[in-house]
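Read left to right, the sequence shown gives residues 6 to 233 (the numbering used here). All C-beta atoms in this analysis are idealised placements derived from N, C-alpha and C, irrespective of residue type, glycine included. Below you'll find the structure, written out as structure tokens, and then a few comments.
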Amino acid sequence: MFYFLFAFGAVIGIVVYSPLFTVREIAVTGNLYLDKDEVTRIAGVYLGEPLFQMDTVAVTKRITEDLRIEEASVRRSFPDTLKITVKERTPMATMATDYGYADIDRRGKVIDSYKTLKKMPIPMITGLTLRDKYIGDDVEDKIIKDILTFLQQLDAPSLNQISEVAIVSPDYIVAYTTKRVQIRLGKLERLEEKAKLTIDFLEDLAENKRNIEFIDFNYTAPFVKLAQ
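Have a look at this one:
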């Protein structure tokens with residue numbers, strides 16, 4: 006029995022340290038903004054390390070500790086590849102703060118801050134100022150959370166046409182297109198339905214080029230007012 010265990014341990018040792026099972030390739034997928042070298046640096050992994058000695062749980066933890074990455078998975082692919090899949094945090098909206106401006110992701114986490122407003126490729130949420138919120142902090146305000154839920158249900162072409170979401174009052178929210186057409190959302194309820202209506206409206210607006218002042222989603226049937 007002793008010799009069997011000794012032999013088995015020796016085989017395991019040979020396999021673990023065998024050059025056949027060293028990392029010769031690190032494959033990174035899912036990254037859009039961070040390049041492969043940066044993800045690899047964050048992961049703290051290197052070519053030539055024994056594949057079996059890689060602690061994939063620890064590597065995953067290191068990656069997700071970086072604020073720019075929301076989720077990650079790490080797995081070995083025999084004989085010589087470590088596969089890393091990441092989901093990056095991306096800005097969903099910009100808000101004014103008591104020190105300037107901040108970008109927040111779809112979950113309400115502050116992922117960037119700056120003093121001077123950028124040329125915004127993402128919607129600006131107005132009517133509410135973030136207080137004492139810094140990079141890494143989470144925004145817990147329900148109105149903001151609901152607005153983010155609405156925005157993330159829009160497809161990319163529609164989201165790109167929204168320049169602002171104004172909190173006129175807690176029960177009255179208005180979105181503005183880049184052409185300053187109002188989309189009156191009203192109360193933040195039926196968000197999935199209103200997101201679908203918004204997508205349809207923006208597609209129709211792009212195709213028909215009608216001169217519209219606002220569309221109101223407060224009613225069962227959307228109400229459209231043409232500009233004078």
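Closest by C-alpha distance to R67, when choosing among L153, T86, V91 and A101: V91
Burial state of G113 (16 or more Cβ within 10 Å): buried
Between K228 and L159, what straight-line distance do the alpha-carbon atoms span, to the nearest angstrom? Checking the sequence, you will find Phe at residue 228 rather than Lys. Between F228 and L159, the C-alpha separation is close to 20 angstroms.
My output table needs one value for E212: the three-state DSSP class, helix, strand or coil. helix
Relative to the alpha-carbon of R111, which residue among R189, L156, A226 and L190 has its alpha-carbon at the smallest distance? L156
At 3 residues or longer, and completely inside the region 142–206: list those beta strand (DSSP E) runs for me, N to C. 167–174, 177–182 and 187–191
For I47, the first and last residue of its enclosing beta strand (DSSP E): Looking at the DSSP string, I47 is not in any beta strand (DSSP E); the run it does join, the alpha helix (DSSP H), is K41 to A48.
What residue does the alpha helix (DSSP H) around R67 start on, and which one ends it? T61 to T69
Simplified DSSP state of L56, which is helix, strand or coil: helix
Are the region 114–122 and the region 94–104 touching, with three or more C-beta to C-beta distances below 8 angstroms? yes
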